[in-house]
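In my numbering, the protein residues as written are 18 to 212. For each residue, glycine too, the CB sits at the ideal point set by N, CA and C. Below: the structure, in structure tokens.
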């Protein structure tokens with residue numbers, strides 16, 4: 018049985034230092050302090066634009082990309098909290114994920130996806146599809162859509178909306194179960210069919 022905390026690499030889709038999504042990650046870290054050791058990835062804006070000519074196998078590998086990939090490999094799971102921009106996934110977040118396609122850091126990696134935005138369903142579905150195509154391990158219980166997140170967090174980084182708090186606690190439990198291998202493959206979401 019696992020005794021060490023689960024190592025989580027958390028990625029915010031917003032590059033604003035005081036964004037609601039960063040604060041949500043911090044709130045989750047407080048809620049799961051006994052279970053998770055959360056590290057927030059702070060290099061999203063430092064990654065170069067994805068370019069296959071600069072991808073894996075090139076010498077030298079880009080230092081920022083190499084560091085991001087290493088952090089992903091070393092994490093037991095990934096937590097993504099993102100807003101929706103213009104009914105889509107923030108470009109900097111999609112760019113980061115694109116850098117992992119050839120090297121497959123997300124393959125078989127447990128992932129929790131939270132889209133916290135005024136409206137976020139389109140970005141959520143798009144990003145969920147991407148994560149499933151690259152073989153992330155996600156269940157229906159490790160994805161969550163939160164509207165008006167800024168009204169549900171107080172200045173102490175506590176979730177004040179009871180329904181949202183319950184859903185986040187369930188997400189924490191469900192991600193822990195996937196990491197610990199207690200969720201069968203049938204309990205995970207399948208990759209979407211490509212037509």
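The beta carbon of residue 129 is closer than 6 angstroms to those of 96, 159, 188 and 192 in its chain, skipping five residues each way along the sequence.
Within the same chain, 164 and 165 come within 7 angstroms of residue 135 by CB-CB distance, once the 5 residues on both sides are set aside. If you compare the alpha carbons of 145, 43 and 33 with that of residue 207, the shortest gap goes to 145. Fully enclosed alpha helix (DSSP H) runs of no fewer than 4 residues occupy 37–48 and 80–91 of the segment 35–113, in order along the chain.
For the pair of segments examined, the segment 81–90 was found not to touch the segment 34–44: the number of CB pairs separated by less than 8 angstroms stays below three. If you keep only unbroken alpha helix (DSSP H) runs of at least 4 residues inside the segment 114–166, you get 138–150. As the crow flies, the alpha-carbon of residue 197 is around 18 angstroms from that of residue 185.
Apart from the 5 residues on each side of it in sequence, residue 90 sits with its Cβ closer than 8 angstroms to the Cβ of 122 in its chain, given in chain order. The Cβ atoms of residue 117 and residue 107 lie no closer than 8 angstroms to each other. Ranked by Cα distance from residue 115, the first of 154, 32 and 64 is 64. The residues 170 and 174, in chain order, have a CB closer than 7 angstroms to that of residue 40 in the same chain once the five nearest residues on each side in sequence are set aside. In this structure, residue 29 lies away from residue 45, with their beta-carbon atoms at least 8 angstroms apart. Counting every other CB atom within 10 Å of its CB across the protein chains shown gives residue 104 a total below 16, marking it as exposed. A Cβ-Cβ contact shorter than 8 angstroms links residue 23 with residue 52. Rounded to whole angstroms, the gap between the alpha carbons of residue 93 and residue 167 is 29 angstroms. In the three-state reduction of the DSSP assignment, residue 184 falls in the helix class.
If the five residues before and after residue 149 are omitted, its C-beta is found closer than 8 angstroms to the C-beta atoms of 155, 206, 207, 208 and 209, all from its own chain and listed in chain order. DSSP, read as helix, strand or coil, puts residue 26 in strand. Around the beta carbon of residue 152, fewer than 16 other beta carbons lie within 10 angstroms, which makes this residue exposed.
If you check the CB distance, residue 147 and residue 141 do not come in under 8 angstroms.
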